[in-house]
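Chemist: One structure, pasted below without further comment.
Residue numbers (this note's numbering): 101 to 492.
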């Protein structure tokens with residue numbers, strides 16, 4: 101097994117949308133293509149990109165991680181059964197890296213890791229979800245994945261009526277659960293922001309027939325404890341699906357304080373980029389394995405090789421993989437959810453194109469989606485994304 105070539109590019113994710121913390125008008129993404137030859141006349145090209153919310157990493161890829169991957173030995177890249185070994189490639193990429201410092205480095209490695217898993221499944225001639233089920237779950241794969249529609253971003257001039265119309269479109273697409281942003285009213289005091297958000301929430305819950313469990317809200321880490329508790333007290337009667345990232349993602353003790361007061365589910369983890377950071381959250385964040393949701397995004401957190409370590413850690417601490425619903429709304433995490441038995445996956449029906457969304461032939465039905473049998477991750481079955489990747 102050898103790496104024949106690695107190509108990379110940078111693609112804009114340009115949009116007027118904003119959440120409570122950032123706008124996405126200047127956001128970029130790295131894309132890579134890795135061609136692997138198995139030494140027996142067979143080769144495959146795997147593709148990868150970084151998930152939304154983090155910028156492209158051309159410098160780190162060019163200076164450190166691509167050269168190390170190109171220098172990986174046949175023994176490092178090859179499994180005992182002759183297949184591609186992403187864990188060996190991962191170890192080669194992380195050679196001479198110090199512990200800690202999880203951030204942009206984890207994004208760069210995650211881009212390459214995604215492409216390696218795509219290539220590994222293609223060389224095996226199976227979809228990635230099937231490869232994962234066979235290797236790590238005794239061949240058992242879910243027949244579909246629960247997905248929810250993430251949106252409700254702040255747009256210039258967007259009011260409650262436009263928000264409700266957006267959510268109505270998602271329901272028409274087959275989603276049964278939706279998510280909206282809160283806490284992002286610019287230049288607004290807490291009392292006024294809460295009043296504005298309550299009006300937005302009440303309108304969406306009304307659209308959902310009064311069922312708050314079909315709505316999640318997302319703060320994107322903007323609140324301190326006082327604001328999180330104030331909002332939490334107002335949100336608690338709705339029985340929301342979850343209250344997402346109300347606090348800074350690394351402020352574990354404050355999460356624990358919130359969890360003592362807010363009884364419905366809390367969701368967090370999308371901005372933790374290593375197994376060790378995830379372990380600190382589990383140890384010190386006060387989260388409850390019977391209800392709370394973990395949103396670690398494998399594409400941002402060193403890829404699937406590290407995500408497998410995270411799942412092992414969670415099991416040792418009494419957490420089911422069903423409590424994991426990855427951030428990002430991309431096909432890589434969807435394959436992982438089906439192949440490894442996670443609780444579902446995020447979806448972006450109207451934003452982060454072309455990276456968000458799934459294969460063209462897989463509609464959402466009653467809030468669930470079935471996987472295609474396309475070898476690899478299935479990028480080729482999503483026409484808008486394939487139009488970008490094939491240029492590599």
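In this text, a Cβ means the ideal position worked out from N, Cα and C, and glycines have one as well.
In this text, all values refer to a predicted model and were calculated from it rather than measured experimentally.
Entirely within the region 239–279 and at least 4 residues each: give me those alpha helix (DSSP H) ranges in chain order.
Modeler: If we require 4 residues or more, the alpha helix (DSSP H) runs fully inside the region 239–279 come out as 260–272.
Chemist: For residue 174, collect the residues of the same chain with a Cβ closer than 7 angstroms to its Cβ; drop the 5 residues on either side in sequence, then sort them by chain order.
Modeler: On the chain shown, position 74 is the one that residue 174 refers to. Only 101, 102 meet the Cβ criterion.
Chemist: With distances taken from CA atoms, which of 388, 439, 127, 426 is nearest residue 417?
Modeler: Numbered from its first residue, the chain shown carries residue 417 at position 317. Of 388, 439, 127, 426, the residue nearest in Cα terms is 388.
Chemist: If I measure Cβ to Cβ from residue 274 and keep anything under 8 angstroms in the same chain, skipping five residues before and after, which residues do I get?
Modeler: Start at 1 with the first residue of the chain shown, and residue 274 comes out as number 174. Here the set comprises 463, 464, 465, 466, 467.
Chemist: Does residue 347 come out as helix, strand or coil in the three-state DSSP assignment?
Modeler: Against the chain shown, residue 347 aligns to sequence position 247. Here residue 347 sits in strand by DSSP.
Chemist: Which value, in whole angstroms, describes the spacing of the CA atoms of residue 92 and residue 432?
Modeler: The chain is shown from 101 up to 492; residue 92 falls before or after that span and cannot be answered.
Chemist: Three-state secondary structure (DSSP) at residue 413?
Modeler: Counted from its first residue, the chain shown places residue 413 at position 313. It is helical.
Chemist: Looking at the secondary structure, which residues open and close the alpha helix (DSSP H) in which residue 402 lies?
Modeler: What you label residue 402 is simply residue 302 of the chain shown in a count that begins at 1. First-last for residue 402: undefined, no H or E at that position.
Chemist: Where does residue 296 fall in DSSP's three states?
Modeler: Along the chain shown, read from residue 1 onward, the residue named residue 296 stands at position 196. It is helical.
Chemist: Using the Cα positions of residue 250 and residue 172, report the straight-line distance between them to the nearest angstrom.
Modeler: Position 150 of the chain shown, counted from the first residue, corresponds to residue 250. Position 72 of the chain shown, counted from the first residue, corresponds to residue 172. Rounded to the nearest angstrom, the two C-alpha atoms are 39 angstroms apart.
Chemist: Just list the alpha helix (DSSP H) runs in the region 173–241, keeping only unbroken ones of 4 residues or longer that don't cross its boundaries, in chain order.
Modeler: As far as the region 173–241 is concerned, its whole alpha helix (DSSP H) runs of at least 4 residues are 174–177, 186–193, 204–224, 228–236.
Chemist: Quick one, are the C-beta atoms of residue 315 and residue 288 less than 9 angstroms apart?
Modeler: Taking the chain shown and counting its residues from 1, one reaches residue 315 at position 215. Taking the chain shown and counting its residues from 1, one reaches residue 288 at position 188. Not closer than 9 angstroms, so no.
Chemist: How should residue 384 be labelled, buried or exposed, when 16 other C-beta atoms within 10 angstroms of its C-beta is the threshold for buried?
Modeler: To locate residue 384, count along the chain shown from 1; it is residue 284. Result: exposed.
Chemist: Checking the sheet assignment: what are the DSSP bridge partners for residue 510?
Modeler: The structure shown does not extend to residue 510, since the chain spans only 101 to 492, so no value can be given for it.
Chemist: Just checking, does the region 135–144 make contact with the region 385–404 on the three C-beta pairs under 8 angstroms criterion?
Modeler: No: the two stretches stay apart, fewer than three of their Cβ pairs being nearer than 8 angstroms.
Chemist: Quick check on DSSP: helix, strand or coil for residue 167?
Modeler: Within the chain shown, residue 167 is the residue found at index 67, counting from 1. DSSP places residue 167 in helix when its eight states are reduced to three.
Chemist: Rounded to the nearest angstrom, what separates residue 472 and residue 262 at their Cα positions?
Modeler: Here residue 472 refers to the residue found at position 372 when the chain shown is read from its first residue. Here residue 262 refers to the residue found at position 162 when the chain shown is read from its first residue. If you take the alpha carbons of residue 472 and residue 262, they lie about 33 angstroms apart.
Chemist: Residue 482: buried (16+ other C-beta within 10 angstroms of its C-beta) or exposed?
Modeler: Against the chain shown, residue 482 aligns to sequence position 382. Buried: at least 16 other Cβ atoms inside 10 Å.
Chemist: Who are the Cβ neighbours of residue 444 in its own chain at under 8 angstroms, not counting the five residues just before and after it?
Modeler: As a working note, residue 444 is residue 344 in the chain shown. Result list for residue 444: 245, 246, 247, 248, 425, 437, in chain order.
Chemist: What whole-angstrom Cβ distance do residue 150 and residue 400 have, given they're in contact under 8 angstroms?
Modeler: Working through the chain shown from its first residue, we reach residue 150 at position 50. Working through the chain shown from its first residue, we reach residue 400 at position 300. With 8 angstroms as the limit, residue 150 and residue 400 qualify as a contact, their Cβ atoms being about 7 angstroms apart.
Chemist: Compute the Euclidean distance between the alpha carbons of residue 200 and residue 193, then round it to the nearest angstrom.
Modeler: As a first step, residue 200 must be located in the chain shown, where it is residue number 100. As a first step, residue 193 must be located in the chain shown, where it is residue number 93. So the two alpha carbons sit approximately 15 angstroms from each other.
Chemist: Under three-state DSSP, which class holds residue 380?
Modeler: Here residue 380 corresponds to residue number 280 of the chain shown, with the count starting at 1. The answer is helix: DSSP assigns residue 380 an H, G or I state.
Chemist: Considering only residues of the same chain and omitting the five flanking positions on each side of residue 296, which have a CB-CB separation below 6 angstroms?
Modeler: Here the question's residue 296 lines up with position 196 in the chain shown. So the list reads 285, once near-sequence residues are dropped.
Chemist: Please classify residue 268: is it buried, with 16 or more other beta-carbons within 10 angstroms of its beta-carbon, or exposed?
Modeler: Working through the chain shown from its first residue, we reach residue 268 at position 168. Exposed: under 16 other Cβ atoms inside 10 Å.
Chemist: Look at the Cβ atom of residue 214, then the Cβ atom of residue 321, and state whether they are nearer than 9 angstroms.
Modeler: By 1-based counting over the chain shown, the position of residue 214 is 114. By 1-based counting over the chain shown, the position of residue 321 is 221. It is not a contact, given that the beta carbons lie outside the stated cut-off.
Chemist: Around the Cβ of residue 353, are there at least 16 other Cβ atoms within 10 angstroms (buried) or fewer (exposed)?
Modeler: Residue numbering aside, residue 353 sits at position 253 when the chain shown is read from its first letter. By the neighbour-count rule (16 or more Cβ atoms within 10 Å), residue 353 is not buried but exposed.
Chemist: Taking buried to mean at least 16 other C-beta atoms within 10 Å of its own C-beta, is residue 490 buried or exposed?
Modeler: Position 390 of the chain shown holds residue 490. Exposed: under 16 other Cβ atoms inside 10 Å.
Chemist: Considering only the alpha carbon of each residue, which of 375, 480, 457 lies closest to residue 469?
Modeler: If you number the chain shown from 1, residue 469 lands on position 369. If we check each option's Cα against that of residue 469, 457 comes out closest.
Chemist: List in chain order: all unbroken beta strand (DSSP E) runs of 3+ residues lying wholly within the region 317–347.
Modeler: Runs of the beta strand (DSSP E) inside the region 317–347: 342–344.
Chemist: Checking the sheet assignment: what are the DSSP bridge partners for residue 91?
Modeler: Nothing can be reported for residue 91, as the shown portion of the chain is limited to 101 through 492.
Chemist: Take residue 371 as the anchor and find which of 397, 361, 382, 346 has the nearest alpha-carbon.
Modeler: Numbered from 1 along the chain shown, position 271 holds the residue referred to as residue 371. The option with the nearest alpha carbon to residue 371 is 397.
Chemist: Measure the Cβ-Cβ separation of residue 365 and residue 340 and say whether it is below 9 angstroms.
Modeler: In the chain shown, counting from the first residue as 1, residue 365 sits at position 265. In the chain shown, counting from the first residue as 1, residue 340 sits at position 240. Result yes, Cβ atoms of residue 365 and residue 340 sit closer than 9 angstroms.
Chemist: Look at residue 403 and residue 223 and say whether their C-beta atoms are less than 9 angstroms apart.
Modeler: Against the chain shown, residue 403 aligns to sequence position 303. Against the chain shown, residue 223 aligns to sequence position 123. No. Outside cutoff.
Chemist: Let me make sure I understand the geometry here. Which of 484, 441, 270 has the alpha-carbon closest to that of residue 233?
Modeler: Residue numbering aside, residue 233 sits at position 133 when the chain shown is read from its first letter. Selected option, being the one with the closest Cα: 441.
Chemist: Look at residue 227 and residue 475 and say whether their C-beta atoms are less than 9 angstroms apart.
Modeler: If you number the chain shown from 1, residue 227 lands on position 127. If you number the chain shown from 1, residue 475 lands on position 375. In this structure, residue 475 lies closer than 9 angstroms to residue 227 by Cβ.
Chemist: Run through DSSP, which three-state label would residue 147 get?
Modeler: Residue mapping note: residue 147 aligns to position 47 of the chain shown, counting from 1. Strand at residue 147.
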